[in-house]
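Colleague: Please read through the structure below; I'll follow up with questions.
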Amino acid sequence: MTVLGDAWDWLADGANWSGESGVWNRLSEHVVLTVVCVLISVAIALPIALWLGHLGRGGALAINISNIGRAVPTFAVLVLLGLSPIGMGDTATIIALVLFAIPPVLTNAYVGMRGVDRDVVEASRGMGMTGGQMLFRVELPLALPLIMTGIRTCAVQVVATATLAALVAGGGLGRIVTAGFDLQDNGQVVAGAFLVAALALVVEGLFALVQRFTARTPRGGVTS
Amino acid sequence: MSGDPSVSRPPGEATYPGTLAGTPGVSAVTGMRVGAPGYCPPVIVASGDCLKRNSWVCGKYFDEYSGEITTALREHVYLTVVSVVIGVLVAFPMALAARRWRPAGSVLLGSTTILYTIPSLAMFAILQPFTGLTETTVIIGLVLYSLTILVRNMLAGLRAVPPDVVEAAKGMGYGPGRLLFQVELPLALPAIMAGVRVATVSTVALTTVGAIVGSGGLGNLIYSGIDTLFKAQVLTASVLCVALAIVADLLLLGVQRLLTPWERAGGRKRRLPFVSAPTAEVDTRAGAAA
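Residue numbers (UniProt numbering), protein chains in the order written: chain P, 1 to 224; chain A, 1 to 290.
In structure tokens:
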């Protein structure tokens, strides 16, 4: 249990929190990287999923992309991109993270769109709504819970994957862990790991709160 | 420019900049000043040695490093199989407990979900001081990840068993043990196998990260590629990893078909509400760990 004591000592030492390789800097690198990647992947995946879901086409693609994403090791893609002409750095990291963040958004949003009660969609068509009105005023609001689940999974996954970026010369909290390995300082390794785990759990918790909040908003006004 | 040096050079005479003695700053082959206008940097012409050229695809790599590849592949398969088997053995009693006592169920599901949220690098790093740079560290981490998917699917499968069937079996005098293993388990099998497949595929991919504690199977080859920049090694290991995941998935699909022949019987509409294939619920959660 001395390791946990060492980890606590490491965290309690103010010197470890400041400077370029300090916790605050690594944390902000991690958060910035996560936000950028989540925004890019949502911007790419959401319109595709909404469009495919609205048309009811491309179901196999939307579902299988998640299965493919699961079979491909993120770590391998990070290193492959690093060795490619892109080189090891932020660009390679962002591309890899976005590639793996797209499937959860795409699949969940698509499943959410297809899960909308067909009767409701038919009723809106019968009311004379155009395709766009049906999409934005009926299907999208009803699919919102699953869309949010997809974005939540995507965000948690990006936080996790951004940690691996440290192995390929990226920034973020993973650097504290890898630096600890290099220094053979188990206290630092465990302290870094706890920070990463805590960040992932905080992101998960924040999204859970947002979901609970959005779920409470009355839906009645949307379709009436 | 009529006499492009890099084209006129006979094949087989690969030149590496700086390897030939000569005037500094002057290319030994062309005699042109490096950096002078019109200078073409010597292109390394195909010499037949893809290892020296550090090509992405290289047949010679397979010949010279076959031992290394086989060892890594074997370790990868071993880690995956051991982790998934232990995962199934641990998850099954957990699913039974979760079904029996509802509060225990939410606690179990909640805690496995939290475990799943922890990034793999952090997981192995936290375990490492206790179990060292060993395969045990990787296996414990992988088992913990597989639990989320396995417990969820087992529970979904068991809960989907129609109450009528359970009542009928009880009426026929089935005890709790026989009821579980001869009635409920077979009916829950498709959902359980779907979970095992998802868990196996994720485990194959996650094993690579075990390289940071020295036991990542094919991940070791990828990890060392970061320093050596050995492209053929990294690409081969990555492709093998994906291939391994696909093969494992297909094998398990075959096992599932063998175990549940009634699922295939004709194209008739199934009467029992099975939770088939990886369900949307499972899909949404899987993939968080990386």
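Even glycine gets a Cβ: it sits at the ideal position worked out from N, Cα and C.
These numbers come from a predicted model, not from an experiment.
1. Can you pull the chain A neighbours of residue 181 (chain P), defined as C-beta to C-beta under 8 Å?
2. Going by Cα to Cα distance, which pick from P:133, P:193, P:99, P:179 is closest to residue 36 (chain P)?
3. Report yes or no: is there a C-beta of chain A within less than 9 Å of the C-beta of residue 212 (chain P)?
4. Drop a sphere of 10 angstroms on the beta-carbon of residue 70 (chain A), count the other beta-carbons inside from all chains shown, and report buried for 16 or more, exposed for fewer.
5. Rounding to the nearest angstrom, what Cα-Cα distance links residue 88 (chain A) and residue 149 (chain A) in this structure?
6. Relative to the C-alpha of residue 241 (chain A), which residue among A:91, A:122, A:209, A:177 is closest?
7. Just to confirm before moving on: does the CB-CB distance between residue 54 (chain P) and residue 139 (chain P) stay below 9 Å?
8. Relative to the C-alpha of residue 151 (chain A), which candidate in A:164, A:180, A:73, A:92 has its C-alpha closest?
9. Where do the N-terminal and C-terminal ends of the alpha helix (DSSP H) with residue 120 (chain A) fall, by residue?
10. Assuming contact is defined by CB atoms lying nearer than 9 Å, are residue 138 (chain A) and residue 79 (chain A) in contact in what I supplied?
11. Taking a cut of 8 Å between CB atoms, which residues from the stretch 226-249 of chain A lie near chain P?
12. Could you tell me the boundaries of the alpha helix (DSSP H) in which residue 264 (chain A) lies?
13. Compare the Cα-Cα distances from residue 253 (chain A) to each of A:220, A:141, A:201 and report the closest residue.
14. Should residue 128 (chain P) be flagged as near chain A, meaning a C-beta pair shorter than 9 Å?
15. For residue 93 (chain P), which residues from the same chain have a beta carbon less than 6 Å from its beta carbon, with the 5 sequence-adjacent residues on both sides left out?
16. Listed from N- to C-terminal order along the chain, which residues in the stretch 78-93 of chain A have their beta-carbon within a distance smaller than 9 Å of any beta-carbon of chain P?
17. Of all the CB atoms in chain A, is at least one closer than 9 Å to the CB of residue 16 (chain P)?
18. Return the CA-CA distance between residue 153 (chain A) and residue 146 (chain A), expressed in angstroms with no decimal places.
19. Give, in chain order, every residue of the stretch 110-141 of chain P whose Cβ lies closer than 7 Å to some Cβ of chain A.
20. Could you pull out every residue in the same chain whose Cβ sits closer than 8 Å to the Cβ of residue 50 (chain A), ignoring the five residues on either side in sequence?
21. Closest Cβ-Cβ distance between residue 219 (chain A) and chain P: below 9 Å?
22. Kindly give me the distance between the Cβ atoms of residue 158 (chain A) and residue 99 (chain A), rounded to whole angstroms, as I take these residues to be in contact under 8 Å.
23. Quick check: is the beta carbon of residue 140 (chain A) nearer than 9 Å to any beta carbon in chain P?
24. Looking at the ligand SAM, does it come within less than 8 Å of residue 94 (chain P), judged from the CB to the closest heavy atom?
25. According to DSSP, is residue 78 (chain A) helix, strand or coil?
26. Any beta-carbon of chain P closer than 9 Å to the one on residue 278 (chain A)?
27. At a CB-CB cut-off below 9 Å, which residues of chain P make contact with residue 202 (chain A)?
28. Taking contact to mean 3 or more Cβ pairs, one atom from each stretch, closer than 8 Å, check whether the stretch 109-120 of chain P and the stretch 75-93 of chain P are in contact.
29. For a test of the three-state rule: what should DSSP assign to residue 173 (chain P), helix, strand or coil?
30. Looking only at its chain, what residues have a beta carbon closer than 8 Å to the beta carbon of residue 244 (chain A), apart from the 5 residues adjacent to it on each side?
31. If you count every other CB in all the chains shown that lies within 10 Å of the CB of residue 108 (chain P), and 16 or more means buried, which is it?
32. Ends of the alpha helix (DSSP H) at residue 74 (chain P)?
Modeller: Here's the rundown:
1. 125, 212
2. P:99
3. no
4. exposed
5. 10 Å
6. A:209
7. yes
8. A:92
9. 120-131
10. yes
11. 226, 229, 231, 234, 235, 237, 238, 241, 242, 245, 246, 249
12. No alpha helix (DSSP H) contains residue 264 (chain A), which DSSP labels as neither H nor E.
13. A:201
14. no
15. 165, 170
16. none
17. no
18. 11 Å
19. 111
20. 57, 58, 59, 60, 61, 232
21. yes
22. 5 Å
23. no
24. Here there are no bound small molecules, and the ligand SAM is not part of this structure.
25. helix
26. Note that residue 278 (chain A) scores a pLDDT of 39, beneath 50, so its modelled location is shaky; the value from the coordinates is reported in the next line. True, the Cβ-Cβ gap to chain P drops below 9 Å.
27. 70, 71
28. no
29. coil
30. 73, 76, 77, 80, 204, 218
31. buried
32. 74-83
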